[in-house]
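Participant: Residue numbering for the sequence shown follows this note's numbering, beginning at 87 and increasing consecutively.
Cβ atoms here follow ideal geometry from the backbone N, Cα and C, with glycine treated the same way.
Please read through the structure below; I'll follow up with questions.
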Amino acid sequence: YLFPNCFKYLILGGGVAAGYAAREFSKRGVKPGELGIISEESVAPYERPALSKGYLFPRNPSRLPQFHVCVGSGGERLGLNWYEEKGIELILNTKIVKTDLKSKTLTSEDGSVFKFGTLIIATGSGVVKLSDFGVKGDQAKNVLYLRDVKDADKVVEAMKAKKNGKAVVVGGGYIGLEVGAVLRQNNLNVTMVYPGHWCMSRLFTKEIAEFYERYYTSKGIKLVKETSVIELEADPNGEVKKVKLKNGRELEADVVVVGVGARPATGLFQGQLEMNKGGIKTDGLFKTSVNDVYAIGDVAWFPMKIYNERRRVEHVDHARKSAMKAVEAIMEQEKVVEVYDYLPYFYSRVFDLSWQFYGDNVGERTVMFGNRNLVVKKPKFGCYWIKDGKIMGAFLEGGDSEENKAMQNLAWNQPKVDDLRELEDKGLSFAFNY
Ligand code: FDA
Ligand code: NAD
87 YLFPNCFKYL ILGGGVAAGY AAREFSKRGV KPGELGIISE ESVAPYERPA LSKGYLFPRN
147 PSRLPQFHVC VGSGGERLGL NWYEEKGIEL ILNTKIVKTD LKSKTLTSED GSVFKFGTLI
207 IATGSGVVKL SDFGVKGDQA KNVLYLRDVK DADKVVEAMK AKKNGKAVVV GGGYIGLEVG
267 AVLRQNNLNV TMVYPGHWCM SRLFTKEIAE FYERYYTSKG IKLVKETSVI ELEADPNGEV
327 KKVKLKNGRE LEADVVVVGV GARPATGLFQ GQLEMNKGGI KTDGLFKTSV NDVYAIGDVA
387 WFPMKIYNER RRVEHVDHAR KSAMKAVEAI MEQEKVVEVY DYLPYFYSRV FDLSWQFYGD
447 NVGERTVMFG NRNLVVKKPK FGCYWIKDGK IMGAFLEGGD SEENKAMQNL AWNQPKVDDL
507 RELEDKGLSF AFNY
């Protein structure tokens, strides 16, 4: 590998999974010059979750280099100098526009060609746009999406420029709830719009959502549910001032932040790799259908051993762990490597609240426990999902690390529940038996 742009191992993408993969390669003795990372972004891999939280705080906001990987999981912070020291080539500001897995080459926007021995695809997700649903006007300069640092800088600028102004947040999922909260903390007048009967409907039950909706309302955030945006009307300066809804309402806006979902960034590999619903099919070691090509993080459609079915996961914990597993498989070719055995873990933090969820939110019924009253200083409550009499999912708001660990164990062990009344009565303490 003496030629320029030619790597024994090449990672496409410079996000969370790429950063954790680089650390694992280094731990496992990759030699200087063997590993390259190509990223469209202009900075070294960082912990993306910061962008919708600490990055937008009104006081002492996080800024790079503070949240480069691997600080999000309590590890060492890998700045540019770390890559240099290890002889890992970080090729930034470089967008790959063409790939050819047969000739093992990637071509960038400016025509540079990169050759690999083994490729790891870690391209993550792109935002779903309102224009994808046929909504007009999302090109306006005050309509913002959030995926990378550049996007987050635009939100910061908008919060400064529109001080005390009106923000419309479109979407009631992760981005909507996190950005809606932090915009309010920045003193904007926030209205959230989403089509569901309640927020975060892909995870929350009606009862869980009801708590967060009451909390948001108590903070002065207006919620407009069960409708969606049909048009963003711009003024002659190209700024959206009016958000038109399907139900006939019109909302005034100084800034619009949109979080209506993400889509795996796999377009470069269409027709070259086996895929499903946009995800790249892998085995339990993240090998794709083509030799020497691996896929990790958001893009991987992998066998989730615990539930005996394939899934894609768009969360940071999986990005980290899938990266480490794939690198282990690549570097330990001669040894037997245990397949990935993953328990889904999602979390969020907004205002003074913080929840964690482990497992699968499926089953015939749910059992709520704890105190969801807003008047208590620190609400602590949770929910168990029960399928075929077994606990499959466990959610906890306001838990400490031991309590969250107990939730994790419960979801992992899936105990059978004979008496639902007893489960309800015991609530959180039930989890400490496992
Ligand atoms: P990731 O998106 O991190 O990285 C992909 C990289 O590939 C990017 O650097 C991109 O520029 C690059 N790339 C893509 N195509 C390219 C091309 N053609 N050429 C060159 N480079 C290319 N999860 C969670 O569990 N808890 C949380 O709190 C949050 N919070 C959160 C906030 C925000 C604002 C976002 C957007 C996402 C989250 N997430 C999250 C989700 C989590 O961040 C996400 O699942 C991981 O970042 C996925 O890691 P990947 O490395 O797969 O993609
Ligand atoms: P999401 O899938 O969580 O939420 C999308 C929301 O948009 C849903 O409420 C949905 O009902 C709504 N929606 C769909 N179509 C709509 C429309 N036409 N008009 C209005 N609302 C519409 O996606 P997201 O919140 O955009 O997050 C993007 C990505 O970032 C995801 O991969 C997510 O996992 C990740 N993320 C995760 C976290 C976390 O884990 N804490 C935080 C931020 C982002």
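Grab the span of the beta strand (DSSP E) containing Ala275 for me, first residue to last.
Facilitator: The question names Ala, but residue 275 is Asn in the sequence shown. Run containing Asn275: 275-280, per the beta strand (DSSP E) assignment.
Participant: So which of Ile97, Ser125, Glu319 has the shortest CA-CA distance to Gly203?
Facilitator: The option with the nearest alpha carbon to Gly203 is Ile97.
Participant: Could you tell me the distance, in whole angstroms, from the CA atom of Tyr87 to the CA atom of Val199?
Facilitator: With a pLDDT of only 47 at Tyr87, under 50, the local geometry of the prediction cannot be trusted, and the value read off the model is given with reservation. If you take the alpha carbons of Tyr87 and Val199, they lie about 14 Å apart.
Participant: What first and last residue would you give for the beta strand (DSSP E) that runs through Lys194?
Facilitator: Checking the sequence shown, residue 194 turns out to be Ser, not Lys. Looking at the DSSP string, the run of the beta strand (DSSP E) that includes Ser194 is 191-194.
Participant: If we count the other Cβ atoms within 10 Å of its Cβ and call it buried at 16 or more, is Asp438 buried or exposed?
Facilitator: Exposed is the call here.
Participant: Answer with buried or exposed for Ala381, where buried requires no fewer than 16 other C-beta atoms within 10 angstroms of its C-beta.
Facilitator: Counting Cβ neighbours within 10 Å, Ala381 comes out buried, since at least 16 surround it.
Participant: Pull up the CB-CB distance for Lys139 and Glu299, whole angstroms please, since I reckon it's below 8 Å.
Facilitator: Actually they are not in contact, since the Cβ atoms of Lys139 and Glu299 sit about 20 Å apart, beyond 8 Å.
Participant: Might you give, ordered along the chain, the residues of its own chain that have their beta carbon closer than 6 Å to the beta carbon of Leu121, omitting 5 neighbours on each side?
Facilitator: Counting only Cβ-Cβ distances below 6 Å, and skipping sequence neighbours, we find Tyr95, Phe111, Ile174.
Participant: Which of the three DSSP states is assigned to Val402 in this structure?
Facilitator: Helix.
Participant: So who's on the other strand from Gly456, going by DSSP bridges?
Facilitator: Note: Gly456 sits in a beta bridge opposite Phe467.
Participant: Beta carbon of Pro281: closer than 7 Å to some heavy atom of the ligand NAD?
Facilitator: Pro281: yes, Cβ under 7 Å from the ligand NAD.
Participant: Measuring only the C-alpha atoms, how far is Asp218 from Ser189?
Facilitator: Answer to the nearest angstrom: the Cα atoms are 34 Å apart.
Participant: Residues in its own chain within less than 7 Å of Leu496 by CB, not counting five upstream and five downstream?
Facilitator: Excluding residues within five positions, the ones whose Cβ falls inside 7 Å are Ile477, Ala480, Ala517, Tyr520.
Participant: Should Thr303 go down as buried or exposed, given a rule of 16 or more other Cβ atoms within 10 Å for buried?
Facilitator: Thr303 is exposed by the Cβ-count criterion.
Participant: Pro90: buried (16+ other C-beta within 10 angstroms of its C-beta) or exposed?
Facilitator: So Pro90 ends up on the exposed side.
Participant: Going along the chain, which residues of its own chain have a beta-carbon closer than 7 Å to the beta-carbon of Val213, five neighbours each way excluded?
Facilitator: The residues are Tyr231, Arg233, Ala348.
Participant: Specify the secondary structure class of Ala480 as computed by DSSP and reduced to three states.
Facilitator: Strand at Ala480.
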